[in-house]
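Contents: one structure, followed by commentary.
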Amino acid sequence: MKRAIEKHAKDFAFVVGIFLVALGVGAFILSHQRLYLPHWVPVAGSDFVDRKMEISTAQALTPGQGQEIAIAGVKVGEIAKVELREGRALVTVKIRRKYDKRIRRDASALIRPKTGLNDMAIQLNPGSPRSPRLPDNEPIPVSQVVPTVNADEIFASLDRDTRDYLRMLLSGAGQGLHDNSRELSNTFRRFEPVGRDLARFTRLVQDRHANIAHSIHNFRLLAEALGEKDNQLARLVDSSNQVFQAFAREDADLRSTLRQLPPTLRVTRSGLAKAGRFARALGPAAQKLQPFARDLAPALRAQRPFVKTATPIIRDSVRPFTRVSLPVVKELRPAARDLARVTPDLTASLSVLNELFNELAYDPPGPEKPYLFYTAWTNHAGALIFNTQDAMGPIRRGNFMVSCSALTTLTAVAQANPALGSVINQVNPVRDACPGQAGAGTGTPPATPPPAAAGAARSKGR
Numbered sequence: 003m004k005r006a007i008e009k010h011a012k013d014f015a016f017v018v019g020i021f022l023v024a025l026g027v028g029a030f031i032l033s034h035q036r037l038y039l040p041h042w043v044p045v046a047g048s049d050f051v052d053r054k055m056e057i058s059t060a061q062a063l064t065p066g067q068g069q070e071i072a073i074a075g076v077k078v079g080e081i082a083k084v085e086l087r088e089g090r091a092l093v094t095v096k097i098r099r100k101y102d103k104r105i106r107r108d109a110s111a112l113i114r115p116k117t118g119l120n121d122m123a124i125q126l127n128p129g130s131p132r133s134p135r136l137p138d139n140e141p142i143p144v145s146q147v148v149p150t151v152n153a154d155e156i157f158a159s160l161d162r163d164t165r166d167y168l169r170m171l172l173s174g175a176g177q178g179l180h181d182n183s184r185e186l187s188n189t190f191r192r193f194e195p196v197g198r199d200l201a202r203f204t205r206l207v208q209d210r211h212a213n214i215a216h217s218i219h220n221f222r223l224l225a226e227a228l229g230e231k232d233n234q235l236a237r238l239v240d241s242s243n244q245v246f247q248a249f250a251r252e253d254a255d256l257r258s259t260l261r262q263l264p265p266t267l268r269v270t271r272s273g274l275a276k277a278g279r280f281a282r283a284l285g286p287a288a289q290k291l292q293p294f295a296r297d298l299a300p301a302l303r304a305q306r307p308f309v310k311t312a313t314p315i316i317r318d319s320v321r322p323f324t325r326v327s328l329p330v331v332k333e334l335r336p337a338a339r340d341l342a343r344v345t346p347d348l349t350a351s352l353s354v355l356n357e358l359f360n361e362l363a364y365d366p367p368g369p370e371k372p373y374l375f376y377t378a379w380t381n382h383a384g385a386l387i388f389n390t391q392d393a394m395g396p397i398r399r400g401n402f403m404v405s406c407s408a409l410t411t412l413t414a415v416a417q418a419n420p421a422l423g424s425v426i427n428q429v430n431p432v433r434d435a436c437p438g439q440a441g442a443g444t445g446t447p448p449a450t451p452p453p454a455a456a457g458a459a460r461s462k463g464r
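So the sequence shown is residues 3 to 464, counted in our numbering.
Shown next, in the form of structure tokens:
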């Protein structure tokens with residue numbers, strides 16, 4: 003045998019190649035013919051669980067044709083067998099074991115055609131996670147399975163008048179389309195761009211079939227997760243209801259806030275406009291401040307020795323003085339408050355005093371002397387005026403000048419009014435200086451002297 007193989011090595015290799023190609027083609031064909039190996043086969047084995055469901059009518063449900071069972075659009079099994087039991091169709095389906103664990107007692111099924119040729123599919127709703135798991139030998143009851151609805155059932159549900167109207171519609175459509183095939187063709191031809199775009203959209207959807215299936219699967223997981231959190235969702239709804247009720251109770255305040263919003267926006271717009279003008283003015287100002295900013299760093303560096311020297315002074319002297327002066331400053335607050343009220347008038351008074359001192363200190367050009375020169379002489383003379391005093395206090399010096407005619411009048415007043423007479427006698431007027439006058443204190447009025455004598459008396463009184 004070995005010698006024969008070595009002699010016909012090429013033929014033997016060709017036969018082995020044909021066998022391998024046939025094996026691959028057979029595996030490809032069988033994989034597309036929905037051939038599932040038992041679960042005990044390694045890698046390629048499939049693990050299915052038989053489930054049953056009762057259906058009122060199993061029309062167009064054909065086992066072996068690949069009619070699928072899907073949960074949320076994801077294929078989980080196929081229809082295996084259809085049989086009659088007690089006047090109802092009993093459909094046996096094969097579901098993968100990893101999906102069978104999700105089927106509950108409240109599971110429901112919906113039978114619908116995938117194509118116009120009644121290629122049927124069963125959409126399975128596994129039920130709520132709170133419901134108990136459906137036992138393996140218990141079918142899904144007929145009350146939870148909805149069969150497909152045929153067109154004849156829809157027409158049979160119509161009353162006689164509706165059927166007549168539908169018949170008239172179809173008859174009118176036949177008459178309208180009679181001998182108008184070209185116009186109808188042209189009309190359908192206008193839909194060609196729409197069909198082309200739909201074909202492009204369908205190709206894109208087909209290219210993304212895996213992504214769509216993945217999205218549907220994720221949506222199912224999300225729906226299941228939300229189903230497991232129904233208590234939390236209920237609390238969320240209750241909390242939202244309380245929030246909305248709080249908003250409803252504050253309806254008047256919200257309306258007031260909304261009414262105040264337009265003027266606030268106008269003020270904000272005005273403020274932003276002013277801020278814009280400020281920003282436009284700030285740019286040139288900042289540019290002009292750049293030289294100052296450049297010179298500021300050297301100035302600050304030059305101030306470092308001063309700051310280092312002043313730090314101990316502030317710490318050891320200024321701060322203790324500040325702490326000690328705080329009570330005094332607190333007591334000065336009332337005085338400062340009163341001083342603040344009189345400051346305007348005080349400012350005006352100080353301004354007048356400033357002008358007065360300026361006038362006193364002004365030295366005019368020429369031989370004239372300033373007021374301060376005469377002020378010094380006034381102070382000198384003032385000291386001589388008040389250098390005499392008695393027990394009642396200082397006595398000012400002075401000269402009492404009176405003419406002879408006035409002296410005669412005073413003598414007459416003293417005689418007429420004793421009170422004034424005592425005051426006049428205290429002056430002790432010199433009556434002897436005037437011709438014709440009596441002595442001091444006499445009641446005889448002197449005679450009126452001639453003008454020459456009166457002038458001599460005035461000069462002597464001086």
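Backbone N, C-alpha and C fix where the C-beta goes; we use that ideal spot for every residue, glycine too.
Please list, in chain order, all residues of the same chain as residue i whose beta carbon is under 8 Å from its beta carbon, the five residues on each side excluded.
i: A123; result: Q69, E70, I71, A72, I113, R114, P115, K116
i: V27; result: none
Among the options, which residue has its Cα nearest to the Cα of residue i?
i: Q67; options: L302, D121, D52; result: D121
i: R99; options: T59, F21, D49, R135; result: D49
i: A74; options: D347, G129, R261, E370; result: G129
i: R398; options: L409, S407, G384; result: G384
i: L119; options: Q146, A91, N152, I97; result: N152
i: K96; options: V51, L260, R132, D240; result: V51
i: D434; options: L422, R339, Q417, S405; result: S405
i: A60; options: P265, L86, L260, Q234; result: L86
i: A378; options: A363, Q208, T349, I31; result: A363
i: M403; options: N419, V425, A416, V429; result: V429
Once the 5 residues before and after residue i are set aside, which same chain residues still bring their CB inside 7 Å of it?
i: L63; result: Q69, I81, V84, V93, M122
i: R210; result: none
i: G445; result: Because the pLDDT at G445 is just 42, under 50, the model does not fix this residue reliably, and the value given afterwards should be weighed accordingly. So the qualifying residues of the chain are Q417.
Here's the rule: buried if 16 or more other CB atoms are within 10 angstroms of the residue's CB, otherwise exposed. What is residue i?
i: R53; result: buried
i: A454; result: Because the pLDDT of A454 is 41, which lies under 50, any placement of that residue in the model is unreliable, and the number read from its coordinates should be weighed accordingly. Per the 10 Å Cβ criterion, exposed.
i: T413; result: buried
i: M55; result: buried
i: G441; result: Unreliable positioning characterises G441 in this predicted model, as indicated by a pLDDT of 46, which lies under 50. The coordinate reading is nonetheless provided below. G441 is exposed by the Cβ-count criterion.
i: L25; result: exposed
i: T324; result: exposed
i: T410; result: buried
i: L126; result: buried
i: G89; result: exposed
i: A421; result: exposed
i: A1; result: Nothing about residue 1 can be read from this structure; the chain reaches only from 3 to 464.
i: I142; result: buried
i: P431; result: buried
i: I7; result: exposed
i: L136; result: buried
i: V147; result: buried
i: G79; result: buried
i: P346; result: exposed
i: A416; result: buried
i: A109; result: buried
i: I57; result: buried
i: P149; result: buried
i: A301; result: exposed
i: A393; result: exposed
Quick one: residues in its chain with C-beta nearer than 6 Å to the C-beta of residue i, no 5 flanking neighbours on either side, listed in chain order?
i: F77; result: Per the sequence shown, residue 77 should be read as Lys rather than Phe. Answer for K77: E70, listed in chain order.
Please determine if the segment 100 to 114 and the segment 243 to 261 are in contact, where contact requires at least 3 C-beta pairs separated by less than 8 Å.
no
Which runs of the alpha helix (DSSP H) spanning at least 4 residues fall entirely within the segment 350 to 432, listed in chain order?
373 to 387, 406 to 418, 420 to 429
Start-end ranges of the alpha helix (DSSP H) lying completely within the segment 135 to 172, minimum 4 residues:
153 to 158
Go through the segment 62 to 143 residue by residue and report every complete run of the beta strand (DSSP E) that reaches 3 residues or more, in order.
70 to 73, 76 to 87, 90 to 98, 110 to 115, 122 to 127
Entirely enclosed alpha helix (DSSP H) segments - the segment 228 to 255, minimum 4 residues
232 to 251
Entirely within the segment 249 to 314 and at least 3 residues each: give me those beta strand (DSSP E) ranges in chain order.
none
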